[in-house]
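Input: a single structure, listed below in structure tokens.
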Amino acid sequence: MRVSQLLIPTSKETPNDATLASHIFLIRGGFIQGVGSGLYNYLPLGKRVLDRVRTVVKEELDRAGCQEVSLGFVTPSSLWIESGRFEKYGKELLRLKDRKENEFVLGPTHEEMMVNLVRQTVKSYKALPINLYQINLKFRDEIRPRFGLMRSREFLMKDGYSFHASQEDMKREFDHMEETYKKIFTRLGLEFRVVEADSGAIGGSGSKEFMVLADSGEDTIVVCDDCDYGANIEAAVRAEKTCDVEPPEAIYARFHTPQTSTIEALSDFFKVDPFYLIKIVAKRALYDGGESRIVLFAMRGSETLQEVKACNAVLANELVDLSEEELAEAGLVAGYMGPTKVPEGVEVIFDAMLEDATNMICGANEKDYHLVGINLKGYEANYKDIVAVQEGDSCRRCGGKLRYTKGIEAGHIFQLGTQYSKPLKAEFLDEKGKSQPFVMGTYGIGVSRLLAAIIEQHHDDKGCIWTKESAPFAVTIIVSNIKDEAQLALAEETYAALQEKGIEVLLDDRKERFGFKMKDFELIGVPLAVVIGKNLAEGSVELIERDGLEKRVIAADKILAEVMGCL
RNA sequence: CGGAGUGUAGCGCAGUCUGGUAGCGCACCUGGUUUGGGACCAGGGGGUCGAAGGUUCGAGUCCUUUCACUCCGACCA
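Structure (structure tokens):
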């Protein structure tokens with residue numbers, strides 16, 4: 004491709020809303036163009052990268068025995084109502100009506116559609132297992148789209164679904180997909196980590212995320228320094244935690260504690276380590292049909308609530324904050340809430356760490372009063388793991404120190420079981436002629452997000468540095484002075500020769516100055532550049548690798564061999 | 001959803017307080033010079049000032065309504 008004919012609107016200026024390297028360089032390099040909140044157009048260069056990434060994904064999946072299909076983007080709501088997700092998925096689901104007032108949704112993920120496809124076509128165990136996938140647009144009406152392609156509303160995703168006659172076979176495929184995903188991310192040149200994860204809105208049990216490691220990642224992951232344990236903070240576990248400080252021995256009593264509505268103040272007031280205080284976080288848990296209830300989450304004062312774990316503990320769709328008015332209406336006092344003697348209609352969940360805890364201090368559910376000498380030994384209650392693992396906690400597997408790191412969720416695989424096949428009545432006949440629901444797995448890769456992830460991991464202050472398998476072109480030929488006939492002639496000759504060899508080559512034949520073209524090369528991030536410039540007079544040209552920007556002077560008649568050697 | 005802010009040329013912005021000819025930089029077009037690190041000179045094109053309504057002789061500017069976009073937050077009760 005000749006740059007003079009390529010639609011490639013590069014810019015010196017950083018868009019004012021872009022903060023992440025990937026967002027800045029993808030826009031400045033003319034890969035994408037913003038068209039609305041969380042909506043992007045792909046320009047020729049961006050489309051090429053997208054296609055290359057997509058090709059890697061497709062090749063590995065096809066090699067792993069998966070079959071590509073393409074499902075409708077607009078989905079009848081009836082399927083979503085059948086599965087029960089129409090309400091559960093919440094506001095991220097964009098709903099729309101056609102001219103006849105029929106309701107549809109724009110697919111944010113396609114379990115329903117794929118189950119529907121398979122239930123109509125697969126009737127026998129003999130046709131199993133089967134693994135179908137598509138690489139298609141998705142739409143999620145995010146609360147707050149940001150960071151360019153990282154969190155957009157419309158995005159390209161590979162979503163795969165496998166169907167099995169047994170749990171064991173599904174697990175086998177799950178492991179197989181984990182290996183396949185590792186190959187995909189490795190081929191794309193990404194540094195990543197496979198971690199245990201929460202299953203979120205998709206549901207099911209046993210899920211793993213593929214995290215591309217980057218400081219700008221939106222997810223916090225907990226990793227062990229000594230073993231390969233890794234988990235999303237939403238699902239991380241740790242070894243039991245104790246406290247070295249002596250517990251405050253006291254007999255049960257009600258204590259006047261004015262102006263101590265925070266854990267910190269309470270800790271100061273009683274001169275007690277927060278470990279021995281009970282912290283309450285009150286939330287409103289939302290359920291289907293607009294129902295909701297107030298839940299108090301009780302944990303040690305040294306801990307912090309992990310909202311996803313908390314949400315799972317009460318099987319809610321979502322947890323939202325409460326205003327002081329709402330608390331007052333429910334008979335609760337902010338800053339003085341306790342897990343005992345709660346008003347009617349308020350649910351309490353205890354963190355598992357509180358089981359059999361003694362010598363605790365908690366709120367009295369009464370303004371300006373706390374209770375001391377609380378003893379939970381043998382106390383009957385609902386104990387669940389609802390707190391976040393903290394840095395420095397011990398690894399449950401090996402006892403090593405856990406620490407936080409940041410990751411970009413680029414892939415997620417789930418063991419679904421019969422979560423969707425049951426409500427959607429997707430069944431097959433087994434060897435005994437008995438009807439059984441399909442056992443399913445589901446596997447996703449954020450293809451458009453991968454472009455952002457690659458740049459987050461591979462860039463410098465000048466621009467993008469695409470990896471070998473993701474680059475829009477393999478090499479670019481820069482003609483320093485387009486009016487120099489010798490330079491242009493050699494460039495044209497080289498361009499034709501590389502094309503002949505089937506190499507994706509770019510020829511920068513624009514009537515621009517040298518510096519301008521170099522800046523563009525650095526911004527766009529093609530892995531290799533051949534600079535044909537003034538030292539052609541001495542019979543040599545330059546080879547520049549984008550990663551590191553190292554220059555090498557080579558003989559002009561050796562270009563082809565040298566370039567081929569670098570690819 | 002809570003808080004803050006912004007909408008003026010393709011992009012980045014000034015002008016709004018104090019109403020009176022629509023501006024600047026980049027980009028773009030024409031001509032010329034220039035060609036190893038985002039050149040220079042000269043000329044030029046491009047605007048329903050987010051939208052609707054109002055006040056006024058006159059509104060980018062004042063008033064009302066509305067839409068869009070962006071940023072911060074949504075764990076310690």
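When we follow this note's numbering, the leftmost residue of the first sequence carries the number 4, and every step to the right adds one.
Beta carbons are placed, not taken as given, at the ideal position from N, Cα and C, and that holds for glycine.
Here the structure is a predicted model, which means the values were calculated and not measured.
For the set Val52, Ala168, Ser40, Lys103, the Cα lying nearest the Cα of Asp144 is the one of Ser40.
According to the DSSP assignment, Lys312 belongs to the alpha helix (DSSP H) that extends over 310-316. DSSP lists Ile35 as the beta-bridge partner residues of Tyr45. By the 16-neighbour rule on beta-carbons within 10 angstroms, Val77 is exposed. Contact fails between the region 449-459 and the region 499-519, because fewer than three Cβ pairs, one in each stretch, are under 8 Å apart.
Of the other Cβ atoms in all chains shown, fewer than 16 fall within 10 Å of the Cβ of His259; this residue is therefore exposed.
Leu109 is the residue among Asp101, Leu563, Ser326, Leu109 whose C-alpha sits nearest the C-alpha of Lys94. The three-state reading of DSSP puts Thr479 in strand, counting E and B together. Look at Tyr498 here: in three-state DSSP terms it is helix. By the Cβ-count criterion, Ser7 is exposed, with fewer than 16 other Cβ atoms from all chains shown falling within 10 Å of its own Cβ. In the structure shown, Val240 falls within a coil segment according to DSSP collapsed to helix, strand and coil. With fewer than 16 neighbouring CB atoms inside 10 Å of its own CB, Ser326 falls in the exposed class. Note that the region 28-38 touches the region 9-19; at least 3 beta-carbon pairs, one per stretch, sit closer than 8 Å. For the 9 Å CB-CB criterion, Leu42 and Gly32 do not form a contact. With contacts defined as CB atoms closer than 9 Å, Leu159 and Met117 fail to qualify as a contacting pair. The shortest C-alpha to C-alpha distance from Val375 to any of Met363, Gln123, Pro79, Tyr386 is the one to Met363. Tyr92: not part of any alpha helix (DSSP H); DSSP gives it neither H nor E. Pairing Cys246 with Phe278 gives a Cβ-Cβ distance under 9 Å.
If you look at Asn119, you'll find it in the alpha helix (DSSP H) that goes 114-124.
In the DSSP assignment, no residue is bridged to Glu515. With fewer than three CB-CB distances shorter than 8 Å, the region 81-90 does not count as touching the region 384-399. Residue state for Lys437 is assigned as coil, using DSSP reduced to three classes.
Residue pairing of Glu545 in beta bridges, as defined by DSSP: Val534, Val556. Val240 is the residue among Gly447, Asp291, Val240 whose C-alpha sits nearest the C-alpha of Arg406.
Between Ser270 and Asp276, the alpha-carbon positions lie close to 6 Å from each other. Taken through DSSP and simplified to helix, strand or coil, Phe278 comes out as helix. The residue from Lys126, Pro79, Ser127, Tyr446 with its alpha-carbon nearest to that of Glu104 is Pro79. In the three-state reduction of the DSSP assignment, Leu526 falls in the helix class. A contact between stretches requires three or more CB pairs, one per stretch, nearer than 8 Å, and the region 126-136 fails this requirement with the region 146-160. DSSP places Cys569 within a helical segment (H, G or I) once states are collapsed to three. Here the region 351-360 makes contact with the region 299-306; the two share three or more CB pairs at distances below 8 Å. If you draw a straight line from the Cα of Val60 to the Cα of Phe441, it comes to about 26 Å. DSSP, reduced to helix, strand and coil, places Asp463 within a strand of the structure shown. In this structure, Met567 places its C-beta atom within 9 Å of the C-beta atom of Lys504. For Ile187, the uninterrupted alpha helix (DSSP H) run begins and ends at 170-190, by DSSP. When the five nearest sequence neighbours on each side are left out, the beta carbons in the same chain lying within less than 8 Å of the beta carbon of Leu289 are those of Ser295, Ala319, Asn320, Glu321, Leu322, Val323, in order along the chain.
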